[in-house]
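Residue numbers (this note's numbering), protein chains in the order written: chain A, 1 to 206; chain B, 1001 to 1206.
Structure first, commentary second.
There are 2 protein chains.
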Amino acid sequence: MSNPVQPNDSTEQKIFDAAHEVFIQKGMDGAKMQEIADRAGINKALLHYYYRSKEKLYEMVARAIISRALPVIRDFLETEHPLEEKIRLFVHFYIDLISRNPYIPIFVISEMNKHPDRFIENVLPKEIPKPDAFFRQVQEEVDAGRIRSIKPQHLLVNMVSLCIFPFVAKPMLRIVVGMNSQEMRTFLEERETEVVRFIMASLKPD
Amino acid sequence: MSNPVQPNDSTEQKIFDAAHEVFIQKGMDGAKMQEIADRAGINKALLHYYYRSKEKLYEMVARAIISRALPVIRDFLETEHPLEEKIRLFVHFYIDLISRNPYIPIFVISEMNKHPDRFIENVLPKEIPKPDAFFRQVQEEVDAGRIRSIKPQHLLVNMVSLCIFPFVAKPMLRIVVGMNSQEMRTFLEERETEVVRFIMASLKPD
DNA sequence: ACCGGCATTAACCATTTGGTTAAACCATGA
DNA sequence: TCATGGTTTAACCAAATGGTTAATGCCGGT
Chain A
1 MSNPVQPNDS TEQKIFDAAH EVFIQKGMDG AKMQEIADRA GINKALLHYY YRSKEKLYEM
61 VARAIISRAL PVIRDFLETE HPLEEKIRLF VHFYIDLISR NPYIPIFVIS EMNKHPDRFI
121 ENVLPKEIPK PDAFFRQVQE EVDAGRIRSI KPQHLLVNMV SLCIFPFVAK PMLRIVVGMN
181 SQEMRTFLEE RETEVVRFIM ASLKPD
Chain B
1001 MSNPVQPNDS TEQKIFDAAH EVFIQKGMDG AKMQEIADRA GINKALLHYY YRSKEKLYEM
1061 VARAIISRAL PVIRDFLETE HPLEEKIRLF VHFYIDLISR NPYIPIFVIS EMNKHPDRFI
1121 ENVLPKEIPK PDAFFRQVQE EVDAGRIRSI KPQHLLVNMV SLCIFPFVAK PMLRIVVGMN
1181 SQEMRTFLEE RETEVVRFIM ASLKPD
């Protein structure tokens, strides 16, 4: 269940891993230093010895979480591919990333919502990849009539929505759609194929 | 900014409204009874006079939030319409609901994620609308070849994802896509048209 | 053997937090 | 007018929480 960035038995790392687990699951407000200490199997004072405060510890963990998602996004936005291929790759790697770290989007969304200032100032990196090149590429395809007319921004948001949301809303979906844990798993596994098909079908020129 | 269910100056209502604001914005963990009391302009002891505990107060507020979304969903799942019309109506009313109450999905998602047991046992109503009829309708359309082949569950999840996610991820999207507050507003206003078009285009039989 | 310095802990501290209590307030009806 | 019942408050309490301190453990180098 834990997801240490690098397996490492040092006390510092044990603390970081424990903090990672706790912050991910409970967020800044719900996380308690005592619980982190307990999970790391050490004294509470050690937390402050290695990381000065809850705030600092949180920031390190949050940055680590964010930076696990960034390479995939950067990759998608920077590599050159025909549009269809690019979409396919994005959906593939993005769903793959989120399947393996389903807590990332929920964490980002809820923390960013509760403490936007802290998150933007102290957690998000200064340089975040910009989607301008992708937008240009989509616009070219539209202009050339190879896909139907759509605003690039909407296409991007649609892609991201279709990939992320089901994982974010998993508990709610399970109840509404009425699936057991196993059905849910297969359902989410089908998503990759389904999402690609859904987007491609929608983009076919009229 | 506040959103009292029914304007009413009674102390009880003032407390409820204040609690609504605070819980919505900070969730169970981040909300403090003192802040609720302050916003309601009353003594902290009064909170416990009207609502026995933080837990109880939270449950009432959370139930109220949930029940604001339910009628729209129930309506969509129960009324009879041709599929295309149904989708149009769903997107319209759903996006409308969320535009006016953008905090609902974030609240539900993050609270349900942090305290699934409490939420499922004490907040969610026993009877939640089931989408079986909708699934059947989609399947009929597929069988009749009037839309391309797609699993009804995926279609529903896609619809919901496209409607909700942009509102949920607004702060993140703003940064990634690089929009200012005004651009974001127009962008979200375009969503209704865009989402309907996106879904319809995708469903056209091959 | 022992020194010096990092690692670790128990005990402690101040503040915050959810919750309680007993007294005061205030309107209403007898 | 005053008794009564619901309403509101100041003061208080115990537990939890983030953080500190001073002492101890421990290990490598001399």
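The beta carbon of each residue, even a glycine, is placed where N, CA and C say it ideally should be.
With distance defined between alpha-carbon atoms, name the residue in the options nearest to residue i.
i, options, result
"A:ILE106", "A:SER161, A:LYS204, A:ALA201, A:ASN180", "A:SER161"
"A:VAL72", "A:MET33, A:PRO129, A:MET60", "A:PRO129"
"B:ILE1024", "B:ILE1042, B:ALA1064, B:ASN1043", "B:ALA1064"
"A:LYS126", "A:PHE76, A:GLN153, A:SER67", "A:SER67"
"B:GLU1190", "A:ASP117, A:PRO152, A:PHE135", "A:PRO152"
"A:TYR58", "A:PHE198, A:ARG39, A:ALA18", "A:ALA18"
"A:THR193", "A:PHE93, A:TYR49, A:ALA37, A:ALA45", "A:PHE93"
"B:ARG1039", "B:MET1060, B:GLN1013, B:ALA1062", "B:GLN1013"
"A:PRO166", "A:ASP206, A:ALA133, A:LYS204, A:ILE95", "A:ILE95"
"A:PRO102", "A:GLU141, A:GLU21, A:ILE175", "A:GLU21"
"A:SER10", "A:VAL123, A:CYS163, A:ILE42, A:ASP132", "A:ILE42"
"B:GLU1078", "B:GLN1182, B:CYS1163, B:PHE1134", "B:PHE1134"
"A:ILE199", "A:GLU111, A:LEU89, A:PRO116, A:ARG118", "A:LEU89"
"B:LYS1056", "B:SER1110, B:GLU1121, B:ALA1169", "B:GLU1121"
"B:GLU1080", "B:ILE1175, B:LEU1155, B:ILE1150, B:PRO1131", "B:PRO1131"
"A:VAL142", "A:ASP206, A:PRO171, A:THR186", "A:ASP206"
"A:GLU111", "B:LEU1124, B:GLY1030, B:ASN1008, B:ARG1197", "B:GLY1030"
"B:LEU1124", "A:ILE175, A:LEU203, A:MET179", "A:ILE175"
"B:ARG1100", "B:LEU1203, B:GLU1085, B:ILE1164, B:ILE1150", "B:ILE1164"
"A:ALA144", "A:LYS204, A:MET179, A:THR186, A:ARG197", "A:LYS204"
"B:GLN1150", "A:ASP75, A:ASN8, A:ARG197, A:SER181", "Going by the sequence as given, residue 1150 of chain B is Ile instead of Gln. Checking every option, the nearest Cα to that of B:ILE1150 belongs to A:ARG197."
"A:VAL168", "A:PHE119, A:ARG74, A:LEU188", "A:LEU188"
Would you call the CB atoms of residue i and residue j closer than 8 Å?
i, j, result
"B:GLY1027", "A:LYS54", "no"
"A:ALA201", "B:ARG1148", "yes"
"A:VAL207", "B:LEU1173", "Lying outside 1 to 206, the shown extent of chain A, residue 207 of chain A is not represented and no answer is given."
"B:MET1159", "B:ILE1087", "yes"
"A:LEU83", "A:GLN137", "yes"
"B:ALA1215", "B:ILE1104", "Outside the shown range of chain B (1001 to 1206) lies residue 1215 of chain B, about which nothing can therefore be said."
"A:MET33", "A:LYS44", "yes"
"B:ILE1015", "B:TYR1050", "yes"
"B:VAL1091", "B:VAL1195", "yes"
"A:ILE36", "A:LEU46", "no"
"A:PRO116", "B:PRO1171", "yes"
What residues of chain A sit near residue i, judged by a beta carbon separation below 7 Å?
i, result
"B:GLN1153", "VAL177, PHE187"
"B:ALA1169", "ILE109"
"B:ILE1164", "PHE165"
"B:SER1161", "SER161, LEU162, PHE165, PRO166"
"B:GLU1192", "In chain order: nothing, as chain A lies at least about 11 Å away."
Show which residues of chain B have a CB atom less than 8 Å away from the CB atom of residue i.
i, result
"A:VAL108", "MET1172"
List, in order along the chain, the chain B residues whose C-beta lies closer than 7 Å to that of residue i?
i, result
"A:LYS130", "GLY1178"
Since residue i meets chain A, which of its residues come closer than 8 Å, beta carbon to beta carbon?
i, result
"B:TYR1198", "Contrary to the premise, residue 1198 of chain B reads as Phe rather than Tyr in this sequence. Those are ILE150, HIS154, ASN158, SER202, listed as they occur along chain A."
"B:MET1060", "The contacting residues do not exist; B:MET1060 stays about 20 Å from chain A at best."
"B:ALA1019", "What B:ALA1019 touches in chain A: nothing, since even the nearest Cβ is about 16 Å away."
"B:MET1112", "PRO171, MET172"
"B:GLU1078", "Simply none; closest approach about 14 Å."
"B:GLU1121", "In chain order: nothing, as chain A lies at least about 12 Å away."
Applying a beta-carbon distance threshold of less than 9 Å, which residues of chain A neighbour residue i?
i, result
"B:PRO1116", "PRO171"
"B:GLU1012", "Simply none; closest approach about 27 Å."
Quick one: which chain B residues come within Cβ less than 9 Å of residue i?
i, result
"A:GLU127", "Correct list: empty, because the minimum Cβ distance to chain B is about 12 Å."
"A:GLU55", "Simply none; closest approach about 15 Å."
"A:GLU84", "Simply none; closest approach about 15 Å."
Contact list for the stretch 1023–1050 of chain B against chain A, Cβ threshold 9 Å: GLN1025, LYS1026, GLY1027, MET1028, ASP1029, GLY1030, ALA1031
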